[in-house]
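Numbering (the numbering used here), first residue to last: 1 to 157. Think of the CB as a built atom: it goes at the ideal place given N, C-alpha and C, for glycine as much as any other residue.
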Amino acid sequence: MCTGKSSHTKSSPKNKVELKDRAHDKTKAAAAKNVAKAPAKENKKPLEFKLHSGERAVKRAMFNYTVATNYYITKLQKKQEERLQKMIEEEEIRMLRKEMVPKAQLMPFFDRPFLPQRSSRRLTMPKEPSFGNVNSTCWTCVFNNQHYLYHIHHAHA
Numbered sequence: 001m002c003t004g005k006s007s008h009t010k011s012s013p014k015n016k017v018e019l020k021d022r023a024h025d026k027t028k029a030a031a032a033k034n035v036a037k038a039p040a041k042e043n044k045k046p047l048e049f050k051l052h053s054g055e056r057a058v059k060r061a062m063f064n065y066t067v068a069t070n071y072y073i074t075k076l077q078k079k080q081e082e083r084l085q086k087m088i089e090e091e092e093i094r095m096l097r098k099e100m101v102p103k104a105q106l107m108p109f110f111d112r113p114f115l116p117q118r119s120s121r122r123l124t125m126p127k128e129p130s131f132g133n134v135n136s137t138c139w140t141c142v143f144n145n146q147h148y149l150y151h152i153h154h155a156h157a
């Protein structure tokens, strides 16, 4: 058992920082060697490139113009059709008004007054409704559904 602290088993923060610095220095040195070996590049001008935004704007303006003209033409055609339909309907109304001449009802004949005559058909004969055996019971018993009272009333009478 060891009670003391051993410095070689646990790394201190100071040692970690030193290791990182050494690794960083080695990468810098390697990069410096590679840069020194590379030939110097000459300055190049950027290539001229053409934007097509102007052409697209012209095409878009032409498209918008054609859409607007088509819309205007269809609007005019609809107005013309509505005007023509209205004229046709007005002409039909004029023709109907000419055809529909108001006619008064005929005057009744006062010298020959209307006298209704009796019908030659027979009169209908009413029939008694049949609610079962009507002869054996009285009407109060049938409607009150008390068949036994019939015998009591008629037996005492």
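#### Entry: Helix, strand or coil at Asp111 according to DSSP, with G and I counted as helix
coil
### Query
What is the DSSP secondary structure of Phe131, counted as helix, strand or coil?
coil
### Message
With H, G and I counted as helix, E and B as strand and the rest as coil, what does DSSP make of Val67?
### Response
helix
### Query
Does the Cβ of Lys86 have 16 or more other Cβ atoms within 10 Å, making it buried, or fewer, making it exposed?
exposed
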